[in-house]
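Enquirer: Structure below; questions to follow.
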DNA sequence: TTTATTAAATGCAATATTACAATAAAGAAG
DNA sequence: CTTCTTTATTGTAATATTGCATTTAATAAA
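Residue numbers (the UniProt record's numbering), protein chains in the order written: chain A, 1 to 110; chain B, 1 to 110.
Below is the structure:
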């Protein structure tokens, strides 16, 4: 049905999956990398540097904002985006708690 | 169009996004957690423990296999799945290289 | 006020994803 | 061989995602 059955999973499983999903598109990875280098906070700059149309970039920015990973600030006619540091660190902690599952105690049965 | 323009992004950006995408569903997080606890390598056990139909679990297992994160081994009529340790560690390194982008040198302009 | 400039919102088309019923395939048990 | 068990495959429906042209909104500049 294209709809995820979130209710049968734990809060943690849903949060991890949602964060991973937000990172699950190369345009959004590219946007975040640019924001980390902080040489292009402005939406228009991102449109120029990444080869996608303005509405498409705007949409990806919206998703990153919904995920809490970035924040935007209106400056005249343009909008300045940047990493939401606090949420970013929280996301990192959440993902790492999962990624660091102890692989040494796990049996590779195949 | 529902189709990602992979060709305009770097190989690294696509690889990071693809790995994140594979982790972008709570059922797949749940499957991986079970495999880490290794108390249910068998596909049928996962179907019982997670509340999704057998074809749905099978489909998620296939995606995790395509992403290289797990491997499967036929044992009689049943199939035993487990974490692909080598690829898992590689994925972790890849994601961490991105997640660990130096946040301290980044300006929070908003 | 009029005219740019910039970004968000809307609307649409194409494709992808999620989920499951029904079926097929492959081996085990009788 | 027949039957049972287990998993993959196929087909289908519903929803989500990606991408862009067009329009709208809001501020700046003239």
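Backbone N, C-alpha and C define an ideal beta-carbon position, used for all residues, glycine too.
This one's a predicted model, so the numbers in the text were calculated from it and none came from an experiment.
So, helix, strand or coil for residue 75 of chain B, using DSSP?
Expert: Strand.
Enquirer: Starting from residue 43 of chain A, follow the alpha helix (DSSP H) in both directions and report where the run begins and ends.
Expert: It spans 43-49 - the alpha helix (DSSP H) in which residue 43 of chain A sits, taken as one unbroken run.
Enquirer: Work out the CA separation of residue 42 of chain B and residue 96 of chain B for me, nearest whole Å.
Expert: So the alpha carbons of these two residues sit roughly 30 Å apart.
Enquirer: Could you tell me the distance, in whole angstroms, from the CA atom of residue 57 of chain A to the CA atom of residue 60 of chain B?
Expert: Going from the Cα of residue 57 of chain A to the Cα of residue 60 of chain B covers about 29 Å.
Enquirer: What number of angstroms, rounded off, separates the C-alpha of residue 25 of chain B from the C-alpha of residue 18 of chain A?
Expert: If you take the alpha carbons of residue 25 of chain B and residue 18 of chain A, they lie about 7 Å apart.
Enquirer: So, is the C-beta of residue 54 of chain A closer than 8 Å to a C-beta in chain B?
Expert: Not an interface residue.
Enquirer: Classify residue 21 of chain A as buried or exposed, calling it buried when 16 or more other Cβ atoms lie within 10 Å of its own Cβ.
Expert: Under this definition residue 21 of chain A is a buried residue.
Enquirer: Show which residues of chain B have a CB atom less than 8 Å away from the CB atom of residue 103 of chain A.
Expert: Result: 36, 83, 85, 88, 89.
Enquirer: How about residue 62 of chain A and residue 99 of chain B: do their beta carbons lie closer than 8 Å?
Expert: It is not a contact, given that the beta carbons lie outside the stated cut-off.
Enquirer: Pick from A:89, A:28, A:83: whose alpha carbon is nearest that of residue 52 of chain A?
Expert: When each option's Cα is compared against that of residue 52 of chain A, the closest is A:28.
Enquirer: For residue 21 of chain A, decide whether its Cβ has a neighbour in chain B, counting only Cβ atoms nearer than 8 Å.
Expert: Interface residue, yes.
Enquirer: Look at the alpha carbon of residue 67 of chain A and the alpha carbon of residue 76 of chain B, and state the distance between them as a whole number of angstroms.
Expert: Their backbone Cα atoms lie some 44 Å apart in a straight line.
Enquirer: Would you mind giving the Cβ-Cβ distance between residue 81 of chain B and residue 35 of chain B, rounded to the nearest angstrom? I have them listed as a contact below 8 Å.
Expert: Confirmed, Cβ separation roughly 6 Å.
Enquirer: Using beta-carbon positions only, say whether residue 105 of chain A and residue 83 of chain B come within less than 8 Å of one another.
Expert: No.
Enquirer: Let me check understanding here. Comparing Cα to Cα, which of A:4, A:94, A:44 lies closest to residue 12 of chain A?
Expert: It is A:94 whose Cα lies nearest to the Cα of residue 12 of chain A.
Enquirer: Return helix, strand or coil for residue 8 of chain B, following the three-state DSSP convention.
Expert: Three-state DSSP puts residue 8 of chain B in a helix.
Enquirer: May I ask which residues mark the beginning and end of the alpha helix (DSSP H) holding residue 25 of chain A?
Expert: From DSSP, residue 25 of chain A is part of no alpha helix (DSSP H); its letter is neither H nor E.
Enquirer: When you compare the CB positions of residue 85 of chain B and residue 50 of chain A, do they come within less than 8 Å of one another, or not?
Expert: Taking 8 Å as the Cβ cut-off, residue 85 of chain B and residue 50 of chain A do not qualify as a contacting pair.
Enquirer: Spatial neighbours of residue 88 of chain B within its chain, please: CB distance less than 8 Å, with the 5 preceding and 5 following residues excluded, ordered by chain position.
Expert: The answer, listed in chain order, is 69.
Enquirer: Answer with buried or exposed for residue 30 of chain B, where buried requires no fewer than 16 other C-beta atoms within 10 angstroms of its C-beta.
Expert: Classification of residue 30 of chain B: buried, given that the 10 Å Cβ count is 16 or more.
Enquirer: Could you give the first and the last residue of the continuous alpha helix (DSSP H) run that contains residue 61 of chain A?
Expert: Looking at the DSSP string, the run of the alpha helix (DSSP H) that includes residue 61 of chain A is 54-66.
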